[in-house]
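Just below is one structure, and these are the notes that go with it.
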Amino acid sequence: MSASSEPDTNPRGIPRAPFVDNVAEFVSKSGVKESLDKFQEMLQKYKYMEMTTLQRQAGLKEKIPDIQKSLEMVEFLQLKGSAGEDVVTNYELNDTLYTEAKIEASGIQSVYLWLGANVMLEYDVAEAKQLLSERLEGAKRGYDTAEEDVLFLRENITTVEVNIARVHNWDVNRRKKEREEAERAENK
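The sequence shown maps to residues 1 to 188 in full-length UniProt numbering.
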């Protein structure tokens with residue numbers, strides 16, 4: 001294995017795949033089959049982590065625009081309320097039924113936010129704005145973190161695939177040399 005100045009894990013604790021510098025030395029410790037099995041298992045783990053991280057990232061990518069829209073609406077209501085203007089809007093009453101509503105400026109003091117799992121809470125407009133801003137920043141950080149993890153995992157998947165290829169090629173060359181030596185010994 002190579003001695004590297006890079007850390008053994010990323011900031012979220014995902015281990016870095018070792019790169020095999022000297023295949024003969026590495027294989028002599030545990031054998032070809034065991035080495036290949038170990039790398040195959042490692043490869044499957046990295047691919048599973050990549051898949052779950054991509055799913056988490058996709059969920060965040062879908063969630064960020066929703067949070068932004070909610071935040072923009074709360075900011076709009078806050079602006080209209082502080083200006084003393086009424087708001088006329090259409091809202092969805094049912095899947096295909098919309099109706100018009102008028103929100104009086106004096107009524108723009110609180111909003112209701114869906115928190116998930118069929119939970120809705122009433123918040124003061126300023127509190128709602130703060131909560132949504134925090135959630136938006138958290139979702140963006142989570143997305144960026146997932147992006148870093150995906151890149152880290154892909155790098156490690158490549159390293160493990162290279163290790164598998166190097167061990168396999170080393171074994172093929174070893175067998176070829178053994179076969180050639182056996183043929184030379186028979187011809188003598």
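Even glycine gets a Cβ: it sits at the ideal position worked out from N, Cα and C.
Excluding five sequence neighbours on each side, which residues of the same chain lie with their C-beta closer than 7 angstroms to the C-beta of residue i?
| i | result |
| --- | --- |
| Leu60 | Ala139, Gly142, Tyr143, Ala146 |
| Gln57 | Tyr143, Ala146, Glu147, Val150 |
| Asn187 | none |
So, for residue i: in the same chain, excluding its five sequence neighbours on each side, which residues have a beta-carbon less than 8 angstroms away from its beta-carbon?
| i | result |
| --- | --- |
| Glu50 | Val150, Leu153, Arg154, Ile157 |
| Val27 | Ser35, Val167, Trp170, Asp171 |
| Ser133 | Leu71 |
| Gln40 | Ile164 |
| Thr99 | Asn90, Tyr91, Leu93 |
| Val74 | Val111, Val125, Ala128, Lys129, Leu132 |
| Asn10 | Arg16, Glu148, Asp149, Phe152 |
| Leu121 | Tyr112, Leu113, Leu115 |
| Lys177 | none |
From residue i to residue j, what does the alpha carbon distance come to, in whole angstroms?
| i | j | result |
| --- | --- | --- |
| Lys45 | Thr159 | 13 angstroms |
| residue 189 | Leu113 | Nothing about residue 189 can be reported from this structure: the residues present for the chain run from 1 to 188 only. |
| Gln109 | Asp124 | 6 angstroms |
| Arg12 | Glu180 | 49 angstroms |
| Val111 | Thr53 | 33 angstroms |
| Val32 | Glu183 | 23 angstroms |
| Ala101 | Lys80 | 15 angstroms |
| Thr96 | Phe76 | 25 angstroms |
| Lys69 | Lys47 | 34 angstroms |
| Ser30 | Ala185 | 29 angstroms |
Keeping to the same chain, check which residues put their C-beta closer than 6 angstroms to that of residue i; ignore five residues upstream and five downstream.
| i | result |
| --- | --- |
| Glu161 | none |
Looking at residue j and residue i, is the spacing between their C-beta atoms short of 8 angstroms?
| i | j | result |
| --- | --- | --- |
| Gln78 | Lys38 | no |
| Pro15 | Asp8 | yes |
Tell me, to the nearest whole angstrom, how far the beta carbon of residue i is from that of residue j; I am working on the premise that it is less than 8 angstroms.
| i | j | result |
| --- | --- | --- |
| Met42 | Ala17 | 6 angstroms |
| Ile67 | Arg135 | 5 angstroms |
Three-pair Cβ contact test at 8 angstroms for the stretch 98-111 versus the stretch 78-89
yes
Would you be able to state if there are at least three C-beta pairs under 8 angstroms between the stretch 112-130 and the stretch 62-69?
no
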